[in-house]
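This report refers to the structure that appears directly beneath it.
Residue numbers (the numbering used here), protein chains in the order written: chain A, 1 to 116; chain B, 117 to 229.
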């Protein structure tokens, strides 16, 4: 049963600490997305990758957030230093390439981050 | 910037009736529009995709329309069931359905028995 795996599922950290969230996309999917979800803002796109290359990270605060794909099986989202306003659920999603453009994004279970 | 609007208020429907959810977008010309379902504590799950050159698409009890002139999509669930209760998210993308996908904030649907 192919699925997107995110770790950790929950993270509580103190303000100023570094946070790293990890995502294992579905094998063979070459597009990976990072989203942040809050009650106020809904689901916001932070960044996305195609074939491990970043295509768009305009939704990400550059001064403290960074996203990478060290290899095809791992995507990371790092916050340094973390702030209380970063508290949210962070979702990773992956999608395969389709010749006709029709495909869907598969989401992980999310990482619930609380910064105190 | 692109903006997607969905009914911010929850929609309460009697079981067996048709639920209709609305998605409006501005400052964008999407080639693809998708609908996802999200249950509490879970990630969104894909339901349906419709292209800009398609007016309507159906899948079992689900129907989606896409009006590029009105910049609007309607999502219908016929013969609704309590198990359909969830938040439904509209999403748009331009070049393929796996290019930059932008989501609306979702509409919470409750089906009462």
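Glycine included, every Cβ here is placed at the ideal spot set by N, Cα and C. Bear in mind that the values here come from a model prediction, so they are computed numbers and not experimental data.
Check your understanding: Based on Cα-Cα distance, which residue from 55(A), 10(A), 3(A) and 5(A) lies nearest to residue 89(A)?
Key -> Nearest of 55(A), 10(A), 3(A) and 5(A) to residue 89(A), Cα basis: 10(A).
Review point. Going by Cα to Cα distance, which pick from 7(A), 103(A) and 38(A) is closest to residue 30(A)?
Key: 103(A)
Check your understanding: Applying the criterion that 16 or more other CB atoms from any shown protein chain within 10 Å of the CB defines a buried residue, is residue 37(A) buried or exposed?
Key -> buried
Exercise for review: Flag residue 14(A) as yes if its beta-carbon sits less than 8 angstroms from any beta-carbon of chain B, otherwise no.
Suggested key: no
Check your understanding: For residue 25(A), which option in 100(A), 65(A) and 48(A) has the closest C-alpha, if you only look at C-alpha atoms?
Key -> 48(A)
Check your understanding: Under 8 angstroms, do residue 122(B) and residue 137(B) count as touching if we go by C-beta distance?
Key -> yes
Exercise for review: Pull up the distance between the alpha-carbon of residue 98(B) and that of residue 21(A), whole angstroms please.
Suggested key: Residue 98(B) lies beyond the residue range present for chain B, which begins at 117 and ends at 229; the question has no answer from this structure.
Point to revise | Beta-carbon neighbours of residue 31(A), restricted to chain B and to distances below 7 angstroms | key: 214
Point to revise | Per-residue burial, residue 39(A) [other beta carbons within 10 Å of its own, 16 or more giving buried] | key: exposed
Practice item. Would you give the residue range spanned by the beta strand (DSSP E) that residue 56(A) belongs to? Key: 53-56
Review point. Going straight from the alpha carbon of residue 51(A) to that of residue 69(A), what length do you get?
Key: 9 angstroms
**Study point:** 7 angstroms Cβ shell around residue 117(A) - same chain, five flanking residues per side excluded
**Key:** In the structure as shown, chain A begins at 1 and stops at 116. Residue 117(A) is therefore absent and cannot be evaluated.
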